[in-house]
Amino acid sequence: MTTTSHFLLMVLYAFFVSLVFAMLLRDDRREQLKTGAMMLGGFIAVAYVMGWLIYPFPL
Amino acid sequence: MASKSTAAERAPAAAEPGRLALVCILSWLVPGAGHLLQGRRDKGLVFLIALPLMFAVGLWLDGRLFPLEWSDPLVFLGAIANRGIGAPYILARLMEAGAGTVTAVSYEYGNTFLMTAGLLNFLVVLDAFDIAMGRKPAKPAAQR
Numbered sequence: 012m013t014t015t016s017h018f019l020l021m022v023l024y025a026f027f028v029s030l031v032f033a034m035l036l037r038d039d040r041r042e043q044l045k046t047g048a049m050m051l052g053g054f055i056a057v058a059y060v061m062g063w064l065i066y067p068f069p070l
Numbered sequence: 293m294a295s296k297s298t299a300a301e302r303a304p305a306a307a308e309p310g311r312l313a314l315v316c317i318l319s320w321l322v323p324g325a326g327h328l329l330q331g332r333r334d335k336g337l338v339f340l341i342a343l344p345l346m347f348a349v350g351l352w353l354d355g356r357l358f359p360l361e362w363s364d365p366l367v368f369l370g371a372i373a374n375r376g377i378g379a380p381y382i383l384a385r386l387m388e389a390g391a392g393t394v395t396a397v398s399y400e401y402g403n404t405f406l407m408t409a410g411l412l413n414f415l416v417v418l419d420a421f422d423i424a425m426g427r428k429p430a431k432p433a434a435q436r
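These protein sequence lines map, in sequence, to chains G and C. The numbering of the first sequence is the working numbering, which starts it at 12 and goes up by one. The numbering of the second sequence is the working numbering, which starts it at 293 and goes up by one.
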């Protein structure tokens with residue numbers, strides 16, 4: 012296994028989860044796109060903010 | 293704003309328990325098959341592609357398919373989640389994949405992908421069950 016980009020893996024994970032939830036929660040295609048995009052953006056934004064918040068703390 | 297379906301638009305409830313069981317088992321075994329069987333083509337295809345792909349990414353990331361061990365509750369729950377994906381799990385077991393490499397940097401990511409794919413498929417099975425019960429429209433307005 013060569014991929015070590017944690018951010019990329021997190022985005023990939025968020026994409027799959029957002030896709031499935033958007034399809035489950037909405038029936039209309041536009042609504043699915045909107046919900047999926049908002050969920051994906053939310054996942055990435057929260058992860059990014061959390062990453063910076065815990066940055067000063069040692070492992 | 294998505295409009296709510298009226299009772300007249302909803303699919304008739306699946307009266308036969310046999311058909312309900314078939315939808316649930318098929319939906320578990322092949323992700324999205326329960327939706328395809330009930331005419332939800334778009335959703336079925338997305339689940340059919342996305343969930344096995346997510347499971348495959350988990351294997352690629354050196355994730356582990358956990359054994360059913362009663363002595364360790366967390367491993368047991370992980371094993372249940374792994375089995376949620378159905379046929380891809382069986383195939384992976386037959387191919388002796390999913391041994392997991394604990395020392396790999398992506399090991400925990402792989403586990404997360406594998407377990408989440410299974411858990412999402414459990415939700416997909418429940419959604420297919422709801423459609424079969426007539427709690428959701430059999431087809432979205434665009435496909436009617």
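Here a beta-carbon is modelled for each residue, glycine too, at the ideal position from N, C-alpha and C. Since the structure is predicted, the reported quantities are computational estimates derived from the model, not experimental observations.
With a threshold of 8 angstroms between beta carbons, V315 of chain C makes no contact with chain G.
A distance below 7 angstroms between beta-carbons, with the five flanking residues on each side excluded, links M34 of chain G to the following residues of its chain, in chain order: Q43.
By the Cβ rule, the region 370-379 of chain C does not count as touching the region 418-428 of chain C, because fewer than three pairs are nearer than 8 angstroms.
For R40 of chain G, the three-state secondary structure derived from DSSP is helix.
Counting every other CB atom within 10 Å of its CB across the protein chains shown gives A342 of chain C a total of 16 or more, marking it as buried. Rounded to whole angstroms, Y399 of chain C and G350 of chain C show a C-alpha spacing of 9 angstroms. Pairing V416 of chain C with G324 of chain C, the inter-Cα distance amounts to about 7 angstroms.
Annotation: Cβ neighbours of V349 of chain C in chain G (cutoff 9 angstroms, chain order): L20, L23, Y24 and F27. The secondary-structure analysis by DSSP pairs R356 of chain C across a beta bridge with C:A391. L30 of chain G sits away from T46 of chain G, with the two beta carbons spaced by 8 angstroms or more. Around T393 of chain C, the same chain offers D354 and Y399 as residues with beta carbons nearer than 7 angstroms, after the five sequence neighbours per side are excluded. Between the alpha carbons of M346 of chain C and R356 of chain C lies a gap of roughly 14 angstroms. Inter-residue distance for A48 of chain G and A420 of chain C is about 24 angstroms (C-alpha atoms, whole angstroms).
Residues of the region 28-44 of chain G that bring their beta carbon within less than 7 angstroms of a beta carbon in chain C comprise V28, L30, V31, M34, L35, R37, D38, D39, R40 and E42, in sequence order. For M21 of chain G, same chain residues with a beta-carbon under 6 angstroms away, outside a window of 5 residues either side, are A58 in chain order. Secondary structure note for A424 of chain C: its alpha helix (DSSP H) is the uninterrupted segment Y399 to A424. Only T393, A396, V397 and S398 from the region 377-398 of chain C bring a Cβ to less than 9 angstroms from some Cβ of chain G. In the three-state DSSP reduction, D364 of chain C falls in the coil class, being neither helix nor strand.
With fewer than 16 other Cβ atoms from the protein chains shown falling within 10 Å of its own Cβ, P365 of chain C counts as exposed. Rounded to whole angstroms, the separation of the alpha carbons of F414 of chain C and A56 of chain G is 27 angstroms.
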